[in-house]
Amino acid sequence: MSEPSTKPYLIRAIFDWCADAGYTPYLAVQVNEYTQVPMAYVKDGKIVLNIGMDAVRNLQLGNEDITCGGRFGGVAHQLIVPMSAVIGIFAKETGQGLVFQGQESSPMGAATGTSEPPDGPSPQGKPTLRVVK
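First residue of the sequence shown? That's 1 in UniProt numbering, and the numbers climb one at a time after it.
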């Protein structure tokens, strides 16, 4: 049996942090053939969803997918987002959150910089943490 992914746990953690802080959690999604969202709201193959408790109903942050009901332009839709399609989760008010490795770009687009990988070799040795403000 393979080890479970940390991604759904990290998404739930940022969601809970947003709720505790009074922020609005937004989910950035790369739409693929398994993603069920209203296609009229997809731009460049991506969609950003407000998954706050005031915006959706029956939100389920599962290990394989995220499901909920939401309204777009007054029309109710059932949303299904596979974990593999999640680019990141962030607070609307601060932009703080997580962007997952191996994703095409940041959920905030050009506002956060380029999605190009840095030139040169990858750093070797122990990973380090730094404070980002």
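Don't be surprised by glycine CBs; every beta carbon is placed ideally from N, CA and C.
Tell me which residue opens and which closes the alpha helix (DSSP H) that residue i is part of.
{"i": "residue 137", "result": "Residue 137 lies beyond the range of the chain shown here (1 to 133); nothing can be said about it."}
Can you name the start and end residues of the beta strand (DSSP E) that residue i belongs to?
{"i": "N50", "result": "46-50"}
{"i": "Q78", "result": "75-82"}
{"i": "N58", "result": "56-61"}
{"i": "F90", "result": "86-91"}
{"i": "G69", "result": "65-72"}
{"i": "V42", "result": "Run containing V42: none; DSSP gives neither H nor E here."}
Assign residue i to one of two classes, buried (16 or more other C-beta atoms within 10 Å of its C-beta) or exposed (fewer than that).
{"i": "T35", "result": "buried"}
{"i": "Y41", "result": "exposed"}
{"i": "Q60", "result": "exposed"}
{"i": "P4", "result": "exposed"}
{"i": "G62", "result": "exposed"}
{"i": "Q78", "result": "exposed"}
{"i": "Q30", "result": "buried"}
Excluding the 5 residues flanking residue i on each side, which residues of the same chain have their C-beta closer than 6 Å to its C-beta?
{"i": "I66", "result": "V81"}
{"i": "K92", "result": "T24, Y26"}
Enumerate in chain order the residues of its own chain whose CB-to-CB distance from residue i is below 7 Å, with the five nearest sequence positions on each side excluded.
{"i": "G94", "result": "For the sequence presented, residue 94 should be read as Thr rather than Gly. Here the set comprises Y23."}
{"i": "G76", "result": "Contrary to the premise, residue 76 reads as Ala rather than Gly in this sequence. G69, listed in sequence order."}
{"i": "S84", "result": "none"}
{"i": "G97", "result": "I14, G88, I89, F90, A91"}
Using the three-state DSSP reduction, which class does residue i fall into: helix, strand or coil?
{"i": "Y26", "result": "strand"}
{"i": "V31", "result": "coil"}
{"i": "G95", "result": "coil"}
Using CA coordinates, which residue listed in the options is at the minimum distance from residue i?
{"i": "K46", "options": "I14, G62, A55, L27", "result": "L27"}
{"i": "P38", "options": "K7, G74, F100", "result": "G74"}
Under 8 Å Cβ to Cβ from residue i, same chain only, skipping five residues before and after it: list those, please.
{"i": "V48", "result": "Y26, L27, A28, V29, P107"}
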